[in-house]
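Colleague: Residue numbers (this note's numbering): 8 to 227.
Note that beta-carbon positions come from the ideal geometry of N, C-alpha and C, so glycine has one too.
One structure follows; several queries about it will come next.
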Ligand SMILES: Nc1nc2c(ncn2[C@@H]2O[C@H](COP(=O)(O)OP(=O)(O)OP(=O)(O)O)[C@@H](O)[C@H]2O)c(=O)[nH]1
Ligand SMILES: C[C@H](OP(=O)(O)O)C(=O)O
């Protein structure tokens, strides 16, 4: 029988996506972060219990989707590892799939893809050495996000004598961190994040000087 899955989506409702500051104002970054979160929620829909692990409180109406929200002021790893420890204390009723909230290119196909991989742990690398998704089947695993987390997660699994595999995917590997990443949203997605960028005046460039350009700055 297939093990059930508990999807956990870490999210910062405020002060997030600061690396986009040169392209988006604070209110635009918040709007865009919520739009990317909606795209991720659409990709994981139907896979199992889903929890948004939010650093800050936010009104469910702002998201506009009925989903469990767990607010924790703990740092990312402390919050996640507390949830993993709790799952272990409950004799592991479900595997845990951690999916970052800044993956707007994600589709159900990538979620099915990581779930089909073997191993006590399945790691999905992001660009620049990060880890965009982690499927955890063992209560012995703990996260070590930030910096070069992908090699650090592999090292952790080895040290804990856990079998791990790597799920490589263009879409799942495309986390939106820097202004140049915004082009990927316009090029490869049709979801809420793309609509948000277009509403804010972004489009693919016809000039060839840059991939995207901004025709206007609509007050939001
Ligand atoms: N719950 C929670 N989520 C976090 C935390 N830090 C990052 N995240 C989320 O994890 C995902 C990937 O993290 P980052 O790419 O570093 O996101 P970020 O911190 O908003 O980006 P920068 O400010 O540009 O570093 C994003 O969806 C964030 O919302 C945290 O401390 N707590
Ligand atoms: C959370 C962090 O995201 P990044 O800062 O690499 O985008 C990571 O993947 O370790």
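Let me check you understand the geometry: is the CB of residue 138 closer than 8 Å to at least one non-hydrogen atom of ligand 4?
Modeller: Summarising the ligand content, the structure contains ligand 1 and ligand 2 and does not contain ligand 4.
Colleague: Using 10 angstroms around the beta-carbon of residue 230, count the other beta-carbons present and answer buried if the total reaches 16, otherwise exposed.
Modeller: Residue 230 falls outside the range modelled here, since the chain spans only 8 to 227, and no answer is possible.
Colleague: Return the first residue and the last residue of the alpha helix (DSSP H) that residue 94 is part of.
Modeller: What you label residue 94 is simply residue 87 of the chain shown in a count that begins at 1. Taken as a continuous stretch (DSSP letters only), the alpha helix (DSSP H) holding residue 94 covers 83-96.
Colleague: Terminal residues of the continuous beta strand (DSSP E) containing residue 175?
Modeller: The count along the chain shown starts at 1 and reaches residue 175 at position 168. No beta strand (DSSP E) contains residue 175, which DSSP labels as neither H nor E.
Colleague: Suppose you measure from the CA of residue 99 to the CA of residue 15; what does that come to, to the nearest Å?
Modeller: For the purposes of this step, residue 99 is identified with residue 92 of the chain shown, where counting begins at 1. For the purposes of this step, residue 15 is identified with residue 8 of the chain shown, where counting begins at 1. Taking the straight line from one Cα to the other gives about 15 Å.
Colleague: How is the alpha helix (DSSP H) around residue 38 delimited, first residue to last?
Modeller: As a position in the chain shown, residue 38 is number 31, starting the count at 1. Its alpha helix (DSSP H) spans residues 33-51.
Colleague: Is it buried or exposed, residue 33, if we count other Cβ atoms within 10 angstroms and call 16 or more buried?
Modeller: Along the chain shown, one-based indexing puts residue 33 at 26. So residue 33 counts as exposed.
Colleague: Can you give me the start and stop residues for the alpha helix (DSSP H) that residue 161 sits inside?
Modeller: Along the chain shown, read from residue 1 onward, the residue named residue 161 stands at position 154. Per DSSP, residue 161 belongs to the alpha helix (DSSP H) from 156-166.
Colleague: Can the beta-carbon of residue 126 be found closer than 9 Å to that of residue 172?
Modeller: Mapped onto the chain shown, residue 126 falls at position 119. Mapped onto the chain shown, residue 172 falls at position 165. In contact: residue 126 and residue 172 (Cβ atoms closer than 9 Å).
Colleague: Please confirm whether any heavy atom of ligand 2 lies closer than 8 Å to the CB of residue 83.
Modeller: As a working note, residue 83 is residue 76 in the chain shown. Yes - ligand 2 has a heavy atom lying nearer than 8 Å to the Cβ of residue 83.
Colleague: Might you give, ordered along the chain, the residues of its own chain that have their beta carbon closer than 7 Å to the beta carbon of residue 186, omitting 5 neighbours on each side?
Modeller: Counting from 1 along the chain shown, the entry for residue 186 is found at position 179. Counting only Cβ-Cβ distances below 7 Å, and skipping sequence neighbours, we find 27, 29, 30.
Colleague: Using 10 angstroms around the beta-carbon of residue 218, count the other beta-carbons present and answer buried if the total reaches 16, otherwise exposed.
Modeller: Looking up residue 218 in the chain shown gives position 211. Classification of residue 218: exposed, given that the 10 Å Cβ count is below 16.
Colleague: Taking the alpha helix (DSSP H) that residue 72 belongs to, which residues open and close that run?
Modeller: Position 65 of the chain shown, counted from the first residue, corresponds to residue 72. Unbroken run through residue 72: none, as it is neither H nor E.
Colleague: By how many angstroms is the C-alpha of residue 64 removed from the C-alpha of residue 147?
Modeller: As a working note, residue 147 is residue 140 in the chain shown. As a working note, residue 64 is residue 57 in the chain shown. Near 30 Å, if we compare the C-alpha coordinates of residue 64 and residue 147.
Colleague: Given this structure, state the Cα-to-Cα distance separating residue 88 from residue 150, to the nearest angstrom.
Modeller: Here residue 88 refers to the residue found at position 81 of the chain shown. Here residue 150 refers to the residue found at position 143 of the chain shown. Going from the Cα of residue 88 to the Cα of residue 150 covers about 6 Å.
Colleague: Run the CB neighbour count on residue 168, radius 10 Å, all protein chains shown included, and call it buried at 16 or more, exposed below.
Modeller: As a first step, residue 168 must be located in the chain shown, where it is residue number 161. Classification of residue 168: exposed, given that the 10 Å Cβ count is below 16.
Colleague: Could you tell me if residue 196 is buried or exposed, where buried requires 16 or more neighbouring beta carbons within 10 angstroms of its beta carbon?
Modeller: Counting from 1 along the chain shown, the entry for residue 196 is found at position 189. With 16 or more other Cβ atoms within 10 Å, it is buried.
Colleague: Determine the extent of the beta strand (DSSP E) in which residue 119 is found, giving its start and end residues.
Modeller: Translated into the one-based positions of the chain shown, residue 119 becomes position 112. Unbroken run through residue 119 is the alpha helix (DSSP H), 115-122; no beta strand (DSSP E).
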